[in-house]
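The numbering of the first sequence is my numbering, which starts it at 25 and goes up by one.
Step one of this worksheet: look at the structure below.
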Amino acid sequence: MTRQILVTSALPYANGPIHLGHLVEYIQTDVFVRFQRLRGHRVAYLCADDTHGTAIMIRAQKEGRTPEQLIADMSVQHQRDFAAFGISFDHYGSTNSRANHDIAAGIWRNLRAQNLVVERSVDRLYDPVQKTFLADRFVVGECPRCGAAEQYGDSCEKCGATYPATELKNPRSVHSGAKPELRPSAQLFVRLTPLQPMLQEWTQRSGALQAEVANYLAGHFLDKPLQDWDVSRPAPYFGFEIPDAKGQYWYVWFDAPIGYIAATREWCERTGQSLDDWWRKPGVEIVHFLGKDITYFHTLFWPALLHVGGYRLPSRVQIHGFLRVGGEKMSKSKGTFVTAAKYLEHLDAEWLRYYYASKLGNKIDDLDFQPDEFVGKVNSDLVGRVVNLASRTARFVEASGLSARYPDDGGRFARAAAQREAIAAAYEACDFREATRLVMLLADAANEYVEQKAPWTLKKDPARAAELQDTCTVVLNLFHQIAVYLQPVLPQLAAKAGALLGSSCDRWDLVATPLVGRPVAKFEHLMARVEPDKVQAMFTPELSAAPASAPPAPAASADDGATLTKEPLAPTITIDDFQKVDLRLARVVAAESIPEAKKLLRLQLSLGGGTTRTVFAGIKGAYAPEQLVGRLVVMVANLAPRQMKFGTSEGMVIAAGTDGEVFLLSPDAGARPGQRLH
RNA sequence: GGCAGGAUAGCUCAGCUGGUUAGAGCGGCGGCUUCAUAAGCCGUAGGUCGCCGGUUCAAGUCCGGCUCCUGCUACCA
Numbered sequence: 025m026t027r028q029i030l031v032t033s034a035l036p037y038a039n040g041p042i043h044l045g046h047l048v049e050y051i052q053t054d055v056f057v058r059f060q061r062l063r064g065h066r067v068a069y070l071c072a073d074d075t076h077g078t079a080i081m082i083r084a085q086k087e088g089r090t091p092e093q094l095i096a097d098m099s100v101q102h103q104r105d106f107a108a109f110g111i112s113f114d115h116y117g118s119t120n121s122r123a124n125h126d127i128a129a130g131i132w133r134n135l136r137a138q139n140l141v142v143e144r145s146v147d148r149l150y151d152p153v154q155k156t157f158l159a160d161r162f163v164v165g166e167c168p169r170c171g172a173a174e175q176y177g178d179s180c181e182k183c184g185a186t187y188p189a190t191e192l193k194n195p196r197s198v199h200s201g202a203k204p205e206l207r208p209s210a211q212l213f214v215r216l217t218p219l220q221p222m223l224q225e226w227t228q229r230s231g232a233l234q235a236e237v238a239n240y241l242a243g244h245f246l247d248k249p250l251q252d253w254d255v256s257r258p259a260p261y262f263g264f265e266i267p268d269a270k271g272q273y274w275y276v277w278f279d280a281p282i283g284y285i286a287a288t289r290e291w292c293e294r295t296g297q298s299l300d301d302w303w304r305k306p307g308v309e310i311v312h313f314l315g316k317d318i319t320y321f322h323t324l325f326w327p328a329l330l331h332v333g334g335y336r337l338p339s340r341v342q343i344h345g346f347l348r349v350g351g352e353k354m355s356k357s358k359g360t361f362v363t364a365a366k367y368l369e370h371l372d373a374e375w376l377r378y379y380y381a382s383k384l385g386n387k388i389d390d391l392d393f394q395p396d397e398f399v400g401k402v403n404s405d406l407v408g409r410v411v412n413l414a415s416r417t418a419r420f421v422e423a424s425g426l427s428a429r430y431p432d433d434g435g436r437f438a439r440a441a442a443q444r445e446a447i448a449a450a451y452e453a454c455d456f457r458e459a460t461r462l463v464m465l466l467a468d469a470a471n472e473y474v475e476q477k478a479p480w481t482l483k484k485d486p487a488r489a490a491e492l493q494d495t496c497t498v499v500l501n502l503f504h505q506i507a508v509y510l511q512p513v514l515p516q517l518a519a520k521a522g523a524l525l526g527s528s529c530d531r532w533d534l535v536a537t538p539l540v541g542r543p544v545a546k547f548e549h550l551m552a553r554v555e556p557d558k559v560q561a562m563f564t565p566e567l568s569a570a571p572a573s574a575p576p577a578p579a580a581s582a583d584d585g586a587t588l589t590k591e592p593l594a595p596t597i598t599i600d601d602f603q604k605v606d607l608r609l610a611r612v613v614a615a616e617s618i619p620e621a622k623k624l625l626r627l628q629l630s631l632g633g634g635t636t637r638t639v640f641a642g643i644k645g646a647y648a649p650e651q652l653v654g655r656l657v658v659m660v661a662n663l664a665p666r667q668m669k670f671g672t673s674e675g676m677v678i679a680a681g682t683d684g685e686v687f688l689l690s691p692d693a694g695a696r697p698g699q700r701l702h
């Protein structure tokens, strides 16, 4: 029976390049998609750039161009990267499209009609000069928790606190610098409680979710009434203005997943199909692939919107974990944050496809990229075992071609063909690790056969030419089966294998029928081996020539300004402002971990002459207490004491870092505790 | 602190509804081979299945407790 399957990968945000972490998802999805096509099912693979929201708007502003220019540029980059990795979308759209607007508007009408939209007055910050409400990111002020200056209205980049913009101290508008006023704003909310029974049913009983996800939702959200979802944002906002609410825009997460449908519509229009045939027809499977960080958007809000819009609910939400490198989070400073483009400067796309596939199970576990393992898997599995089959036999039959009749092979071909349902089941379950493992067993068996038959010996005896041809016919057929089985993972390799043997390698059932009586093309290398240095090079933050399209001059990639984008320079201050801050060198005389605290160390700092301060520092993750004792640090000596859960902190230790990194500062040799920084 | 998940050979992981001597790949070690991109084949060593207790004729597999790790969450500079 032919199934009809609509598959999506989460929409990448148009605010940054595709990196190795993204690719876990797109490769996983693409393998699934290619597998389904290989099996003869009708598949639509759709994706789009997620383009709306404040982050895009601000970035565009900083770069002195319109958001539309920014997202057009990103879309080109994204699609180029995806293409290079063989990601076979049927259509790639954008959430900033006519189709997306219209579908969002349709769902919105239904929400209104079903009385699921409520308007509530929320006090928001208003810029009296510009006469606009201010989005969180357009208000700056001091963090209500840590007092850090120049923090945005949604969260503090210093201490990680999140808070409503109204709690910022000394707030001012980014536009006018004026002090914002509190004014009531009519915000629009989607009521979710009427949909709760339906969500309860779908999450707990439909089978669409992995068990751990269903548990997570049951315990976190569905155990109490769902809160109304705030879906509007006041202008200025890069997005769609809500049709019946002037000056209000849909929050980016409202229209982002709708992009799945919009991309489908554009594709249907292009190919003369009907949208309803994919999104409303019973029996069509809808499968979403996404990362664990966006679970609840896709398992609560999204099915709610689909339900209200009259669309079918997802039949499967396949959630994966994050990518780690060498057991750690990807980090720009360590060079492990690798973009797709950078990977391709050093390595082959199919290697990554195979490596990820060979590690991906059906669990939500994180996937760890281990350089040695990567080299080992590619070189021994693919080159040493699979490709080697062709390379050690094809040349012997270049002249003769394959035998006219398939020879007796002791049942090897039949046994490998008999594996097809087991391998298919593993692919179907997204247990690609199991699928590739099963295929590698076939490669082992085939190599054994080569060893047994020793074609290199047969070759020496002209009387045994037929036996040589038969042997190679068997091995090349076993190789052909493997190429077909791996086609979802390695489409390029399958194509090359096909060219060698005159097969299309594009139907699962090809594994059941031997190829006979046909020519064998001149053998060429099917896949190169990985040089370990190249992997090292990729993970080293090294000097790299700027690609033609990138504006910045060559520079150390760690100096690429990414951190500056993350945390822009603060407004100018006077020397007097600076003088207010009394920065001092201090010696750590004692340091102890606070067991109950996740991040905090309690430090005793000496400013010399018996003056000491107790300071709590959130550096537990980066420094062990014992490695701190004795060293000099920089502290803010005149910061008002702050009562904390574990005691009073009498100052603050200065450290640099982005995204949770922590780097303490040290003076050059000779400096002494108590000295002021001028 | 709450919630979710995990802890099985050096590494990455399988072990379904409890049942013979706990598995795979990689890596290690020994041997063979030389057709092949220094690839391949054969053999071999390695595990108190995190810890304690319980249920059972029988537990890696179920139950309780504990320890550690990861993630999410929480006003810990």
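Quick reminder that beta carbons are idealized off the backbone N, C-alpha and C, glycines included.
- Using a 10 angstroms sphere on the CB of residue 84, the tally of other CB atoms reaches 16 or more, which defines it as buried.
- Cβ neighbours of residue 443 within its own chain (closer than 7 Å, five residues either side excluded): 462 and 466.
- Residue environment analysis places residue 125 among the buried positions, since at least 16 neighbouring C-beta atoms fall within 10 angstroms of its C-beta.
- Shown here, residue 677 sits in a strand according to DSSP, grouped into three states.
- Scanning the stretch 259–323 for uninterrupted alpha helix (DSSP H) segments of 4 residues or longer gives 276–279, 282–295 and 300–303, listed from N- to C-terminal end.
- Comparing alpha carbon positions, the residue from 502, 551, 32 and 408 closest to residue 435 is 502.
- Residue pairing of residue 28 in beta bridges, as defined by DSSP: 66.
- For residue 335, there is no enclosing alpha helix (DSSP H), since its DSSP letter is neither H nor E.
- In the structure shown, residue 227 adopts helical secondary structure according to DSSP, grouped into three states.
- For a cut-off of 8 Å, the C-beta gap from residue 215 to residue 142 is around 6 Å, short enough to register as a contact.
- For residue 522, the enclosing alpha helix (DSSP H) has its first and last residue at 515–525.
- In the three-state DSSP reduction, residue 93 falls in the helix class (H, G or I).
- Distance between residue 37 and residue 261, taken at the CA atoms: about 16 Å.
- Short of 8 Å from the beta carbon of residue 147, and not among the five residues preceding or following it, lie these beta carbons of its own chain, in chain order: 190, 206, 207, 208 and 209.
- Short of 8 Å from the beta carbon of residue 288, and not among the five residues preceding or following it, lie these beta carbons of its own chain, in chain order: 30, 68, 70, 115, 299, 302 and 303.
- Three or more Cβ pairs drawn from the stretch 390–410 and the stretch 336–351 lie within less than 8 Å of each other, which places the two stretches in contact.
- Per DSSP, the continuous beta strand (DSSP E) segment holding residue 640 begins and ends at 636–641.
- Around residue 623, the same chain offers 642, 644 and 645 as residues with beta carbons nearer than 7 Å, after the five sequence neighbours per side are excluded.
- In terms of CA proximity to residue 43, 563 leads the group 471, 563, 325 and 305.
- Rounded to the nearest angstrom, the gap between the Cα atoms of residue 274 and residue 222 is 24 Å.
- Closest option to residue 371, judged by alpha-carbon separation, among 204, 109 and 310: 109.
- One alpha carbon belongs to residue 95, the other to residue 39, and they sit about 8 Å apart.
- Straight through space, the alpha carbons of residue 212 and residue 601 are spaced by roughly 42 Å.
- Beta-bridge partners of residue 115 (DSSP): 70.
- Distance between residue 113 and residue 45, taken at the CA atoms: about 18 Å.
- Counting only the Cα atoms, residue 382 lies some 23 Å from residue 522.
- Beta-carbon to beta-carbon, residue 79 and residue 278 are separated by about 16 Å, too far to satisfy the 8 Å threshold.
- For residue 393, the beta-bridge partners assigned by DSSP are 349.
- Between residue 494 and residue 431, the beta carbon gap of about 4 Å places them in contact (Cβ cut-off 8 Å).
- Within the same chain, 202 and 205 come within 7 Å of residue 152 by CB-CB distance, once the 5 residues on both sides are set aside.
- In this chain, residue 437 is not harboured by any beta strand (DSSP E); it is covered by the alpha helix (DSSP H) spanning 436–442.
- Of the candidates 57, 33, 47 and 28, the residue whose Cα lies closest to the Cα of residue 453 is 57.
- The C-alpha of residue 342 is placed about 21 Å away from the C-alpha of residue 514.
- When DSSP assignments are scanned along the stretch 598–629, the uninterrupted stretches of alpha helix (DSSP H) that are 4 or more residues long and fall wholly within it turn out to be 599–604.
- Bridge partners of residue 383 according to DSSP: none are assigned.
- The beta carbon of residue 218 is closer than 7 Å to those of 140 in its chain, skipping five residues each way along the sequence.
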